[in-house]
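Since the structure comes first, as structure tokens, the remarks are kept for the end.
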Amino acid sequence: MLPFKLVYSDDYYLPIGAHVFPAEKYHHIHKRLIETSVAEANDFVAPRPASDQDILLVHTPQYVQKLKSGTLSPREELEMEIPFSPELVRAFWLAAGGSILAAEYALNDRVAFNLGGGFHHAFPDHGEGFCMIHDVAVAIRRMQRDDKIRRAMTVDCDVHQGNGTAAIFAGLRIPSAPLPSTAPAENVAAAKLRNAHAGEVFTISLHQENNYPGWKPPSSIDVDLPDEVGDDDYLAWLDNALSSGLRQFEPDLMCYIAGADPYKEDQLGGLSLTIEGLKKRDELVFRVAKARNIPVMVTYAGGYARKVEDTVTIHSNTVIAAKEIFAT
Ligand SMILES: [Zn+2]
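So in this note's numbering the end of the sequence shown lands on 709, straight run, no missing numbers.
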């Protein structure tokens, strides 16, 4: 039995038809974890959908109304890049409920997973890039509202910048200390590190600069990586960003957005991480969180490997990494 919970539902499947987003991945990850004896049936807990009240902690009443009444404009639907349906709305409400539940479990057990979620491109008033509802932001706001946490840190390792996260939490910034000027390694000097400010939620995003979203609203720390960055450089930048962030900010909860798309075989990504390198990435995040006693909630976000089984392996490895790091 795992020393933490995996929040999962078969209804995480997104009814979007043939799409580059492999909506069946959630089901495959669940199956893989059981078949390989990484997890057993009672490690999984089923989420309930978030309430409208929860969703409204992040999203505007106008946007929520449009989703519930099916009255998005064609342009708004196009921007979301997934076909609207009432079933899709239900799946996103469920993903948000899953992240709320995972955050609650993480606060008790040091770590917990939502085997879904990570929809970091959703904004308060619109959806973008396959994301309708920002489940992670909803979970943070719910934990704050319930006085379970005051301060949260998002660590976004999806290959795409967390533009929704940056926009949602931009309103609460206070000036913070500048970063040290030293780069983690000489040969990664081409990557750019941008540092803004942090309020109650400190946002870190490591992403490929030359990729969606074109407009990247500032996170607390943005690491704009050049194309084709490999394992060692990526890990050095992640280590640097985590150390810098945690020098400036002490979170009560870390939200790790463990996108599988920095993988070298990803169809929508232009970085060059290996499957082993991605697991080292997960281990690094977990080691840092554990050493500092910061509860960590994990969500999955993107993953568009040419072979879906690679995406499933990368996401399953994140559970294995947590199992290894949090075994004691
Ligand atoms: Zn992505």
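Here a beta-carbon is modelled for each residue, glycine too, at the ideal position from N, C-alpha and C.
For clarity, every value in this text was computed on a predicted model and none was experimentally measured.
From what residue to what residue does the beta strand (DSSP E) around residue i run?
i: Asp-516; result: It is not in any beta strand (DSSP E) - Asp-516 instead sits in the alpha helix (DSSP H) that spans 516 to 526.
i: Met-534; result: 533 to 537
i: Leu-634; result: 634 to 638
i: Ala-493; result: 492 to 495
i: Thr-584; result: 582 to 589
Specify, as a first and last residue, the run of the alpha helix (DSSP H) that residue i falls within.
i: Phe-667; result: 656 to 672
i: Lys-449; result: 442 to 450
i: Met-461; result: 455 to 461
i: Ile-436; result: 433 to 436
i: Ser-624; result: 612 to 629
i: Thr-680; result: Careful: Thr-680 lies outside any alpha helix (DSSP H), inside the beta strand (DSSP E) at 677 to 680.
i: Asn-544; result: 544 to 549
From the options, pick the residue whose C-alpha is nearest to that of residue i; which is it?
i: Met-635; options: Arg-429, Ala-617, Pro-396 and Arg-668; result: Arg-668
i: Ala-520; options: Val-677, Thr-692 and Tyr-394; result: Val-677
i: Glu-473; options: Ser-697, Gly-499 and Leu-459; result: According to the sequence as given, residue 473 is Phe; it is not Glu. The candidate whose alpha carbon is nearest that of Phe-473 is Gly-499.
i: Gly-543; options: Ala-493, Leu-488, Pro-384 and Asp-605; result: Asp-605
i: Leu-469; options: Val-689, Leu-448, Pro-632 and Thr-680; result: Leu-448
i: Thr-584; options: Asp-663, Asp-603 and Tyr-444; result: Asp-603
i: Ala-672; options: Tyr-394, Asp-539, Ser-624 and His-440; result: Ser-624
i: Gly-658; options: Asn-592, Thr-546 and Thr-694; result: Thr-694
i: Leu-627; options: Lys-661, Arg-522 and Ile-675; result: Ile-675
i: Gly-683; options: Gly-640, Pro-396 and Ile-706; result: Gly-640
i: Leu-496; options: Pro-428, Leu-437 and Phe-504; result: Pro-428
i: Asp-392; options: Met-382, Val-401, Asn-423 and Lys-406; result: Lys-406
i: Cys-512; options: Asp-527, Leu-459 and Ile-530; result: Leu-459
i: Ile-549; options: Pro-598, Asp-528, Ala-422 and Gly-510; result: Pro-598
i: Trp-596; options: Asn-698, Gln-525 and Glu-509; result: Glu-509
Any idea what DSSP makes of residue i, helix, strand or coil?
i: Val-700; result: helix
i: His-502; result: coil
i: Lys-529; result: coil
i: Lys-412; result: helix
i: Asp-642; result: coil
i: Phe-465; result: coil
i: Leu-395; result: coil
i: Asp-603; result: strand
i: Val-388; result: strand
i: Phe-707; result: coil
i: Val-426; result: strand
i: Leu-383; result: coil
i: Val-693; result: helix
i: Asn-592; result: coil
i: Glu-485; result: helix
i: Val-419; result: coil
i: Leu-652; result: coil
i: Ala-470; result: Contrary to the premise, residue 470 reads as Val rather than Ala in this sequence. Reduced to three states, the DSSP call for Val-470 is helix.
Expressed to the nearest angstrom, what Euclidean distance is found between the alpha-carbon atoms of residue i and residue j?
i: Ala-420; j: Asp-490; result: 16 Å
i: Tyr-615; j: Pro-594; result: 20 Å
i: Asp-612; j: Tyr-644; result: 10 Å
i: Arg-456; j: Phe-494; result: 34 Å
i: Asp-633; j: Arg-532; result: 5 Å
i: Glu-690; j: Lys-412; result: 12 Å
i: Ile-410; j: Ser-450; result: 32 Å
i: Pro-556; j: His-501; result: Note that Pro-556 scores 47 on pLDDT, short of 50, meaning its location in the model is unreliable and no value can be drawn from it.
i: Glu-609; j: Leu-654; result: 8 Å
i: Gln-648; j: Lys-688; result: 10 Å
i: Ile-706; j: Leu-652; result: 26 Å
i: Gln-443; j: Glu-416; result: 44 Å
i: Val-388; j: Tyr-486; result: 9 Å
i: Leu-453; j: Thr-709; result: 49 Å
i: Pro-430; j: Gly-479; result: 7 Å
i: Asp-642; j: His-541; result: 8 Å
i: Asp-435; j: Ala-484; result: 14 Å
Just list the residues that DSSP pairs residue i with in beta bridges.
i: Ala-404; result: In DSSP, Ala-404 forms no bridge with anything.
i: Asp-647; result: Ala-686
i: His-509; result: The sequence shown places Glu at residue 509, not His. Per DSSP, Cys-512.
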